DNA sequence: GGCACTTTGTGCATTCCTTCACAAACGCCT
DNA sequence: AGGCGTTTGTGAAGGAATGCACAAAGTGCC
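Protein chains in written order, with the numbering used here: chain P, 1193 to 1414; chain L, 1193 to 1414.
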């Protein structure tokens, strides 16, 4: 009773790797290659080939035994699985340093993600022009989400305002949130969240660097 | 023969949560609280209390049964475990939009991380002043790393230059790398890496949003 | 001082993820 | 057409992380 291979029940760990595979495929395609083995693609993606194959198996079989994967076909398959064959209008809340940088950052524009709304709580910033957009007040968020079909919100506010921004996005009808604020957000189950936190990443690196340094003092080289 | 509780053998998943606990502790301390239970702290950190306790147990016992944790003492313990009671000079490679934003971003300055060097391969940018620093040429990297004691490098270059930047950082003697470039880096074992990738995060959210949307069409609300 | 209450620290079960090992399936060469 | 080499897809094993349940250890009241 499943017309499509069914995108449900794909392990979370696999989902986070699918974008990596897609990028590896683009790199391969740029080299003019039209067929690729799981081994080659895995190297580009920085994973083991068996992991790549198992991950792809969750989307259904699209390789040919003894040959490999058709680059174009697999690209289409991943693009479809990730939902990237449609436009994803994005709203950014919080127009400080980070928000401005994100609005200007080209990385968002690739593959269907278009920043279509910039918002800030501070009325001193509202009305300011940033790139091709004008900063609007938070009160206009629900209307914008409805009119422009915004499904993804980005939180670039200070930590203290993040929960407020999240609540506003959720009640406006956004389905997924990417937050840069270093706080745990309380959200309804149905809203997906991803968190990017520079300070945390640096902390982890500090731990690892110190750790390896200690290990080097104790253990023998080699 | 271990004078300290030994910071080795801490699960990777735990390490990534330690910074979150530290931040939760700061939030608690700001409220003027001096003692906190694992339950309260876990809520602030967005995890289960049992997970918090198990994570902390890897650092040794620092709570008091029946009472909870001393905020100051636990903060000190985590700070020490993460290696944050010393300065961490940081170099940023790649002074495009992202690199400039990172150089200006205050989040780096907190807790010992100081951006002390900005580098770019492009000689047209070298010499330019950004904030309090001047962009220097890649050739000066080894000297800077040695003189300033730089242990952490940040890669903010385009994907195509990322491996080059990584090689330069590694041979200059950097111990850990935070990269924003969406490519798998090939690095020696001893160098720690963390990757932050905005496009990947958006892709994952697109997948989840589409997925939930499909599920909502099929399943019943409740 | 002893008892009731609270909260930590942890062995154990469970679930999730990764890796291994190998059969199934394909192209190619003769 | 048949056999050989290659590569996929996957069951099963192994390992890691999470959550449960409870004993151990402390405080405070009577």
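Beta carbons are placed, not taken as given, at the ideal position from N, Cα and C, and that holds for glycine. The model shown is predicted, which means the values in this text are computed figures rather than measured ones.
**OP:** Tell me, please, whether the region 1339 to 1354 of chain P touches the region 1320 to 1327 of chain P by the rule of three or more beta-carbon pairs shorter than 8 angstroms.
**Re:** Result no; under three Cβ-Cβ pairs closer than 8 angstroms.
**OP:** Assign residue 1381/P to one of two classes, buried (16 or more other C-beta atoms within 10 Å of its C-beta) or exposed (fewer than that).
**Re:** Reading the first chain from its first residue, position 189 is the one you call residue 1381/P. Answer is exposed; the Cβ neighbour count stays below 16.
**OP:** Pick helix, strand or coil for residue 1348/L, following the three-state DSSP scheme.
**Re:** Within the second chain, numbered from 1, the residue matching residue 1348/L stands at position 156. Reduced to three states, the DSSP call for residue 1348/L is coil.
Original post:
Is there at least one Cβ from chain P nearer than 8 angstroms to residue 1347/L's Cβ?
Top reply: The residue labelled residue 1347/L in the question sits at position 155 within the second chain. No, because no Cβ of chain P sits closer than 8 angstroms to the Cβ of residue 1347/L.
Subject >> Buried or exposed (CB count within 10 angstroms, at least 16 for buried), residue 1203/P >> reply: Translated into positions along the first chain, residue 1203/P becomes position 11. Classification for residue 1203/P: exposed.
Original post:
Is residue 1282/L closer than 8 angstroms to residue 1221/L when the C-beta atoms are compared?
Top reply: Position 29 of the second chain holds residue 1221/L. Position 90 of the second chain holds residue 1282/L. No, the pair does not count as a contact, with Cβ atoms beyond the cut-off.
Original post:
Assuming residue 1293/L contacts residue 1293/P under a Cβ cut-off of 8 angstroms, what Cβ separation, rounded to an integer in Å, is found between them?
Top reply: Mapped onto the second chain, residue 1293/L falls at position 101. Mapped onto the first chain, residue 1293/P falls at position 101. The pair is a contact, with the Cβ atoms about 3 angstroms apart (cut-off 8 angstroms).
Subject >> CA-to-CA distance, residue 1295/L to residue 1213/L, given in whole angstroms >> reply: Taking the first residue of the second chain as 1, we reach residue 1213/L at position 21. Taking the first residue of the second chain as 1, we reach residue 1295/L at position 103. Going by the C-alpha atoms only, they are around 26 angstroms apart.
**OP:** Starting from residue 1307/P, find everything on chain L with Cβ-Cβ shorter than 9 angstroms and list it in chain order.
**Re:** On the first chain, position 115 is the one that residue 1307/P refers to. In chain order: nothing, as chain L lies at least about 11 angstroms away.
Original post:
Hey, does residue 1320/P have any beta-carbon neighbour from chain L nearer than 8 angstroms?
Top reply: Stepping through the first chain from its first residue, residue 1320/P is reached at position 128. So, not an interface residue.
Subject >> Distance, residue 1337/P Cα to residue 1364/P Cα >> reply: Translated into the one-based positions of the first chain, residue 1364/P becomes position 172. Translated into the one-based positions of the first chain, residue 1337/P becomes position 145. For residue 1364/P and residue 1337/P, the gap between their C-alpha atoms comes out near 6 angstroms.
**OP:** For chain P, find out if any of its Cβ atoms is closer than 8 angstroms to the Cβ of residue 1228/L; answer yes or no.
**Re:** Here residue 1228/L refers to the residue found at position 36 when the second chain is read from its first residue. No, its Cβ sits nowhere closer than 8 angstroms to a Cβ of chain P.
Original post:
Who are the neighbours of residue 1201/P on chain L, taking C-beta pairs under 9 angstroms?
Top reply: Within the first chain, residue 1201/P is the residue found at index 9, counting from 1. The premise fails here: residue 1201/P is roughly 10 angstroms from chain L at the closest Cβ pair, so nothing lies under 9 angstroms.
**OP:** Pull up the distance between the alpha-carbon of residue 1238/P and that of residue 1206/P, whole angstroms please.
**Re:** Counting from one through the first chain, the residue named residue 1238/P turns up at place 46. Counting from one through the first chain, the residue named residue 1206/P turns up at place 14. When rounded, the distance between both Cα atoms is 14 angstroms.
Subject >> Cβ-based burial, residue 1339/L [other Cβ within 10 Å; buried from 16] >> reply: As a working note, residue 1339/L is residue 147 in the second chain. Classification for residue 1339/L: exposed.
Original post:
So which residues of chain L does residue 1395/P contact, with C-beta pairs closer than 8 angstroms?
Top reply: Counting from 1 along the first chain, the entry for residue 1395/P is found at position 203. Per Cβ cutoff of 8 angstroms: 1210, 1211, 1214, 1274, 1276 and 1303.
**OP:** Can you say whether residue 1316/P is buried or exposed, counting buried as having 16 or more other CB atoms within 10 angstroms of its CB?
**Re:** As a first step, residue 1316/P is located in the first chain; it is residue number 124 there, counting from the start. By the Cβ neighbour-count rule, residue 1316/P is exposed, with fewer than 16 other Cβ atoms within 10 Å of its own.
**OP:** Please list the residues of the region 1364 to 1376 of chain L that have a C-beta atom closer than 7 angstroms to any C-beta atom in chain P, keeping them in chain order.
**Re:** Contact residues of the region 1364 to 1376 of chain L toward chain P are 1367, 1368, 1370, 1374 and 1376 (C-beta to C-beta distance below 7 angstroms).
Original post:
For the region 1217 to 1237 of chain L against the region 1390 to 1409 of chain P, are there 3 or more C-beta pairs whose distance is under 8 angstroms?
Top reply: no
Subject >> Check whether residue 1354/L and residue 1377/L have beta carbons under 8 angstroms apart >> reply: Taking the second chain and counting its residues from 1, one reaches residue 1354/L at position 162. Taking the second chain and counting its residues from 1, one reaches residue 1377/L at position 185. Taking 8 angstroms as the Cβ cut-off, residue 1354/L and residue 1377/L qualify as a contacting pair.
Subject >> Cβ shell of residue 1223/P (< 8 angstroms), same chain only, five flanking positions each side left out >> reply: Counting from 1 along the first chain, the entry for residue 1223/P is found at position 31. Nothing meets the Cβ criterion.
Subject >> DSSP bridge partner residues for residue 1306/P (one or two, in chain order) >> reply: Position 114 of the first chain holds residue 1306/P. Partner(s): 1281/P.
Subject >> Beta-carbon separation (whole angstroms), residue 1344/P vs residue 1368/P, contact threshold 8 angstroms >> reply: Within the first chain, the letter at position 152 stands for residue 1344/P. Within the first chain, the letter at position 176 stands for residue 1368/P. Going by Cβ atoms, the distance from residue 1344/P to residue 1368/P rounds to 5 angstroms, so yes, they are a contact pair.
Subject >> For residue 1407/L, three-class secondary structure by DSSP >> reply: Counting from 1 along the second chain, the entry for residue 1407/L is found at position 215. Residue 1407/L falls in the helix class under three-state DSSP.
**OP:** With a threshold of 16 other CB atoms inside 10 Å of the CB of residue 1236/P, please say whether the residue is buried or exposed.
**Re:** Residue 1236/P sits at position 44 when you count from the first residue of the first chain. Buried: at least 16 other Cβ atoms inside 10 Å.
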